[in-house]
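Engineer: Can you read through this structure? Questions will come right after.
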Amino acid sequence: KASHSELGSLSEMNMVVPQMPGGGMSSKMLIQKSNPDVAYMLNDKDKTYSERKKTEGGSKEDTRTYEVKKLGEETVNGYKCAHALVTEGKETHEVWNTKAIADYDKYAKAMETNERMSNSKREKALKDAGCEGFPVKMIHKGNEREGDMTIELVKFEKKNFSKSDFEIPSGYTKTQTPTGGPAAGVKS
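For the sequence shown, the numbering used here assigns the number 244 to the last residue and increments by one with no breaks.
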């Protein structure tokens, strides 16, 4: 689940990984527009959060090369999408992006200025190939150890947010270690 607004971004991920103890993990990341250089990793279970500054995340210049091949136009989950194959070194991703989402231009502008939520070099390669848009589906082809991963848009909802939706919840305490990672976010 991801929420984006002029106030910031809040993304929640629940990953099912049968091989992991507990069967998977969950994480929650908050980025405030007023402080975009810090990502807050929230742990709802323990009511804690940790901070990760942009420099800690390795915000080095992206030296990777992205090749994008447009495979065609397809309808996915009711959205007309550009279907593309993105190659980055030995890794490949299939993506289905749409510009048919209401206010796509606002989403694109928010992602453009948020290095943590997007990859400008990759986005430019998609745009140059005529395949930019809101991600409706993505298939990551991993190696034998990683396996493949599919991410798909289930529901898109436009709504009004308040400033409090993009603040650290009251009662949460700061920790020094990242929260919401494989150890802290394991479902039991």
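For every residue, glycine included, the Cβ atom is placed at its ideal position computed from N, Cα and C.
Can you give me the start and stop residues for the alpha helix (DSSP H) that LYS177 sits inside?
Structural biologist: Numbered from 1 along the sequence shown, position 121 holds the residue referred to as residue 177. Looking at the DSSP string, the run of the alpha helix (DSSP H) that includes LYS177 is 176-184.
Engineer: Would you report the Cα separation of GLY134 and ASP221, rounded to the nearest angstrom?
Structural biologist: For the purposes of this step, residue 134 is taken as residue 78 along the sequence shown, with counting starting at 1. For the purposes of this step, residue 221 is taken as residue 165 along the sequence shown, with counting starting at 1. Cα to Cα, GLY134 sits roughly 29 Å from ASP221.
Engineer: Rounded to whole angstroms, what is the Cα-Cα separation between LYS146 and GLY198?
Structural biologist: Here residue 146 corresponds to residue number 90 of the sequence shown, with the count starting at 1. Here residue 198 corresponds to residue number 142 of the sequence shown, with the count starting at 1. The alpha-carbon atoms of LYS146 and GLY198 are separated by roughly 9 Å.
Engineer: Is ASP118 helix, strand or coil when you go by DSSP?
Structural biologist: Looking up residue 118 in the sequence shown gives position 62. Looking at ASP118 - three-state DSSP - the assignment turns out to be coil, as it is neither helix nor strand.
Engineer: Can you check DSSP and say which residues form a bridge with PHE190?
Structural biologist: On the sequence shown, position 134 is the one that residue 190 refers to. Answer is THR154, bridged to PHE190.
Engineer: Using 10 angstroms around the beta-carbon of SER115, count the other beta-carbons present and answer buried if the total reaches 16, otherwise exposed.
Structural biologist: Your numbering for residue 115 matches position 59 in the sequence shown. Reliability of the predicted coordinates at SER115 is poor, the pLDDT of 49 falling under 50, and no value is obtained from them.
Engineer: With a threshold of 16 other CB atoms inside 10 Å of the CB of MET97, please say whether the residue is buried or exposed.
Structural biologist: The sequence position of residue 97 within the sequence shown is 41, counting from 1. The residue is buried, with at least 16 neighbouring Cβ atoms inside 10 Å.
Engineer: Who are the Cβ neighbours of ALA158 in its own chain at under 7 Å, not counting the five residues just before and after it?
Structural biologist: Within the sequence shown, the letter at position 102 stands for residue 158. Excluding residues within five positions, the ones whose Cβ falls inside 7 Å are LYS214.
Engineer: I'd like the span of the beta strand (DSSP E) that includes ARG108, first residue to last.
Structural biologist: Taking the sequence shown and counting its residues from 1, one reaches residue 108 at position 52. Start and end: 104-109.
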